[in-house]
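J.: Sequential numbering from 12 applies to the sequence shown in this note's numbering. I'd like to ask some things about the structure below.
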Amino acid sequence: MYETHGTVVGTVITSPVTRSNAAGDEFLNFRMASTVRRRDHTTGEWRDGSTLYLTVTCRRRLMAGVVQSIAKGDPVIVTGELRTTEYTTRDGIARSDLELSATAIGPDLARCTVVLERAPRTADGGAATPATEQVATRSLVA
């Protein structure tokens with residue numbers, strides 16, 4: 012209750028990296044940036060505004076899809092739960108970071124095209140189990 016959910020359209024700015032926490036749970040992180048673009052009504056030109064930087068965290072089945080499909084520089088749409096993480100650097104400086112715990116990630120088809128490889132179906136018509144599931148191929152075309 013009271014979670015803040017949101018969707019961010021932007022660009023992956025770091026390579027996705029798989030990590031594990033103290034409990035041994037694996038997750039995947041990458042950074043993304045989303046820059047506001049506004050049209051200047053007097054000149055008619057598009058201008059960049061401020062940029063939002065955030066860390067995206069993926070877990071479980073989503074993590075497997077991102078590992079095979081998303082790379083630095085890709086245009087993406089990410090949705091999930093937003094939160095602020097506070098920490099102290101090695102130099103003792105207090106910092107905060109915006110984190111998006113992703114529930115879904117996909118390519119931004121307004122800025123690229125994708126060749127999709129669908130997961131095979133089982134004999135009863137259901138989706139294949141995660142162990143046999145194939146994920147989208149890495150074929151983004153800008």
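Note that beta-carbon positions come from the ideal geometry of N, C-alpha and C, so glycine has one too.
Distance, Cα to Cα, E56 vs V47?
T.: Going from the Cα of E56 to the Cα of V47 covers about 14 Å.
J.: Strictly by DSSP, which residues pair up with R106?
T.: Partner(s): Y98.
J.: List the residues that DSSP assigns as beta-bridge partners of L39.
T.: L39 pairs with T29 and C69.
J.: Do three or more CB pairs link the stretch 21-32 to the stretch 96-107 at distances below 8 Å?
T.: The answer is no - the stretch 96-107 does not touch the stretch 21-32, with fewer than three Cβ pairs under 8 Å.
J.: Would you mind sorting A147 into buried or exposed? The rule is 16 or more other CB atoms within 10 Å of its CB.
T.: With a pLDDT of only 46 at A147, under the threshold of 50, the placement of this residue in the model should not be trusted; the figure read from the coordinates follows. Looking at its Cβ environment, which holds 16 or more other Cβ atoms inside 10 Å, A147 is buried.
J.: Among D119, V19, C69 and L39, which has the Cα closest to the Cα of L113?
T.: Checking the sequence shown, residue 113 turns out to be Ala, not Leu. Nearest of D119, V19, C69 and L39 to A113, Cα basis: C69.
J.: Does V126 come out as helix, strand or coil in the three-state DSSP assignment?
T.: It is coil, neither helix nor strand.
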